[in-house]
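Residue numbers (the numbering used here): 2 to 417.
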């Protein structure tokens with residue numbers, strides 16, 4: 002969202018960034034004014050285990066999603082609303098952009114206080130909109146002789162039921178603030194219908210077909226381009242990327258990288274005897290990597306993907322939405338192993354769209370990783386399918402689409 006704030010500032014808009022205090026420097030660096038959240042809305046998402054110790058007792062899957070909807074995102078609504086109302090009192094004609102799970106505008110669009118000129122939701126996770134064609138994780142398995150549409154409807158109904166209590170909690174919070182006329186029949190659908198407009202940071206080519214998706218409900222912008230790192234210099238081994246060996250890049254991203262033995266370490270082990278060059282981007286100090294570094298591996302705390310991925314042949318990832326899309330936009334097939342946050346949904350798209358191999362686990366064994374990497378390298382069909390998806394990324398200009406949409410929502414003018 003800070004990146005979007007920067008685009009809007011450069012387009013001439015006055016932008017206030019609402020978020021945790023830790024984002025102050027980044028927001029001000031792009032020219033936005035910072036307005037910190039307070040109270041229950043001010044938690045640090047990097048310290049969830051410390052701030053919400055009870056969350057550790059919730060099993061992963063639908064129960065965890067329901068807990069997060071109710072308590073991470075729902076309980077923040079009153080304090081988010083209060084901060085937004087302070088801003089709207091100062092600028093009652095403002096356009097409000099939020100990520101898909103920032104629900105602070107809900108009370109104001111249901112009669113509490115000043116309503117923003119327009120509320121634009123931004124999808125930073127895969128599309129979860131329920132469809133007769135797909136669940137958030139793809140078409141439901143249908144035993145032979147059964148109707149696949151009925152199977153998918155049943156699975157979507159089960160997912161909606163799993164979030165019914167959490168949805169009721171969100172409605173109760175809005176009603177408790179004085180909101181009226183607000184109901185949630187299906188959380189997965191409401192995520193996209195609550196805002197006035199919804200933009201999704203992907204392309205249709207990396208989504209499941211949904212023949213019943215309402216026209217105009219979602220505007221696909223593609224992912225945001227990488228932010229250049231001005232002081233980064235290539236490491237001494239960089240020229241090896243232009244050699245004859247296939248290049249395999251592995252990462253656990255910047256969120257689920259607390260235990261590098263989940264994916265990075267077993268990938269290095271799996272490929273140690275292979276005729277490949279492995280580049281591991283840790284997102285953490287290199288000293289935290291367990292075990293020995295194989296001779297064919299190059300390990301760095303950080304390597305910008307916009308420089309690295311165009312030189313890669315395979316991308317091994319735990320399924321971060323941004324990193325996975327960066328690989329596809331660069332034309333690189335994927336091996337994915339992720340089961341936290343939205344990663345199972347990302348992995349499902351990789352597997353079902355045929356742009357890589359979904360290992361269906363958080364902690365793959367080295368031999369499974371080696372087999373998957375070899376499969377992707379040896380079967381040109383993966384690269385061919387990736388190239389077709391890549392055309393969708395090449396055809397969009399996300400910053401322009403978002404900036405034009407906000408400018409139109411603001412009445413066709415900029416703030417200054």
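The beta carbon of each residue, even a glycine, is placed where N, CA and C say it ideally should be.
From residue i to residue j, what does the alpha carbon distance come to, in whole angstroms?
{"i": "residue 359", "j": "residue 337", "result": "5 Å"}
{"i": "residue 25", "j": "residue 34", "result": "8 Å"}
{"i": "residue 284", "j": "residue 191", "result": "34 Å"}
{"i": "residue 212", "j": "residue 91", "result": "43 Å"}
{"i": "residue 339", "j": "residue 413", "result": "42 Å"}
{"i": "residue 353", "j": "residue 139", "result": "7 Å"}
{"i": "residue 52", "j": "residue 276", "result": "45 Å"}
{"i": "residue 172", "j": "residue 32", "result": "35 Å"}
{"i": "residue 106", "j": "residue 408", "result": "19 Å"}
{"i": "residue 143", "j": "residue 210", "result": "17 Å"}
{"i": "residue 177", "j": "residue 85", "result": "17 Å"}
{"i": "residue 87", "j": "residue 18", "result": "13 Å"}
{"i": "residue 380", "j": "residue 315", "result": "12 Å"}
{"i": "residue 429", "j": "residue 97", "result": "The requested residue 429 is not part of the displayed model; the chain covers only 2 to 417."}
{"i": "residue 183", "j": "residue 175", "result": "8 Å"}
{"i": "residue 241", "j": "residue 294", "result": "17 Å"}
{"i": "residue 397", "j": "residue 160", "result": "32 Å"}
{"i": "residue 99", "j": "residue 121", "result": "6 Å"}
{"i": "residue 362", "j": "residue 47", "result": "23 Å"}
{"i": "residue 55", "j": "residue 296", "result": "43 Å"}
{"i": "residue 2", "j": "residue 36", "result": "14 Å"}
{"i": "residue 195", "j": "residue 94", "result": "19 Å"}
{"i": "residue 60", "j": "residue 12", "result": "44 Å"}
{"i": "residue 287", "j": "residue 79", "result": "41 Å"}
{"i": "residue 399", "j": "residue 198", "result": "15 Å"}
{"i": "residue 23", "j": "residue 141", "result": "40 Å"}
{"i": "residue 57", "j": "residue 349", "result": "25 Å"}
{"i": "residue 220", "j": "residue 29", "result": "28 Å"}
Here's the rule: buried if 16 or more other CB atoms are within 10 angstroms of the residue's CB, otherwise exposed. What is residue i?
{"i": "residue 344", "result": "buried"}
{"i": "residue 395", "result": "exposed"}
{"i": "residue 117", "result": "buried"}
{"i": "residue 392", "result": "exposed"}
{"i": "residue 262", "result": "exposed"}
{"i": "residue 188", "result": "buried"}
{"i": "residue 374", "result": "buried"}
{"i": "residue 1", "result": "Residue 1 cannot be examined here, being either before or after the span of the chain that is shown, 2 to 417."}
{"i": "residue 388", "result": "exposed"}
{"i": "residue 108", "result": "buried"}
{"i": "residue 233", "result": "exposed"}
{"i": "residue 132", "result": "buried"}
{"i": "residue 64", "result": "exposed"}
{"i": "residue 203", "result": "buried"}
{"i": "residue 39", "result": "exposed"}
{"i": "residue 371", "result": "buried"}
{"i": "residue 351", "result": "buried"}
{"i": "residue 208", "result": "buried"}
{"i": "residue 145", "result": "exposed"}
{"i": "residue 215", "result": "exposed"}
Can you check which of these residues, the options, is closest to residue i by C-alpha distance?
{"i": "residue 272", "options": "120, 164 and 369", "result": "369"}
{"i": "residue 246", "options": "308, 289, 313 and 184", "result": "313"}
{"i": "residue 321", "options": "310, 257, 367 and 111", "result": "257"}
{"i": "residue 71", "options": "265, 170 and 48", "result": "170"}
{"i": "residue 205", "options": "124, 163 and 145", "result": "124"}
{"i": "residue 311", "options": "327, 376, 323 and 219", "result": "327"}
{"i": "residue 166", "options": "249, 67, 37 and 218", "result": "67"}
{"i": "residue 292", "options": "122, 309, 269 and 219", "result": "269"}
{"i": "residue 21", "options": "318, 252, 44 and 30", "result": "44"}
{"i": "residue 278", "options": "181, 385, 58 and 317", "result": "317"}
{"i": "residue 114", "options": "383, 149, 89 and 57", "result": "89"}
With a cut-off of 8 Å on the beta carbons, I'd call residue i and residue j a contact; round off their distance for me.
{"i": "residue 418", "j": "residue 282", "result": "With the chain represented from 2 up to 417, any question about residue 418 goes unanswered, as that position is not in the structure."}
{"i": "residue 41", "j": "residue 69", "result": "With 8 Å as the limit, residue 41 and residue 69 do not qualify as a contact, their Cβ atoms being about 14 Å apart."}
{"i": "residue 403", "j": "residue 8", "result": "6 Å"}
{"i": "residue 186", "j": "residue 200", "result": "That pair is no contact at about 23 Å."}
{"i": "residue 238", "j": "residue 299", "result": "5 Å"}
{"i": "residue 378", "j": "residue 356", "result": "No, residue 378 and residue 356 are not in contact; Cβ-Cβ is about 14 Å, not under 8 Å."}
{"i": "residue 324", "j": "residue 290", "result": "Wrong, their Cβ atoms sit about 18 Å apart, outside the cutoff."}
{"i": "residue 347", "j": "residue 127", "result": "6 Å"}
{"i": "residue 264", "j": "residue 365", "result": "7 Å"}
{"i": "residue 104", "j": "residue 74", "result": "6 Å"}
{"i": "residue 225", "j": "residue 81", "result": "Contact flag wrong, Cβ pair sits at about 23 Å."}
{"i": "residue 230", "j": "residue 309", "result": "Not confirmed; about 12 Å, so no contact."}
{"i": "residue 227", "j": "residue 306", "result": "6 Å"}
Taking Cβ positions only, does residue i come closer than 9 Å to chain C?
{"i": "residue 107", "result": "In the displayed structure, chain C is absent; only one protein chain is listed."}
**Asked** Can you give, in chain order, each stretch of the beta strand (DSSP E) that sits fully within the region 89-156 and has at least 3 residues?
**Response** 96-100 and 119-124
**Message:** Report the start-end ranges of each beta strand (DSSP E) in the region 2-26 that is 3 residues or longer and not cut off at the edges.
**Reply:** 17-20
**Message:** As an exercise, report each continuous beta strand (DSSP E) stretch of at least 3 residues that is fully enclosed by the region 264-331, in chain order.
**Reply:** 278-282, 298-301 and 315-318
**Item:** Inside the region 166-253 only - alpha helix (DSSP H) runs reaching at least 4 residues
**Value:** 188-194
**Message:** Ignoring anything shorter than 4 residues, give me the alpha helix (DSSP H) runs that lie fully in the region 347-406, in order along the chain.
**Reply:** 367-379 and 381-395
**Prompt:** Going along the chain, which unbroken runs of the beta strand (DSSP E) with 3 or more residues stay wholly within the region 23-93?
**Reply:** 34-37
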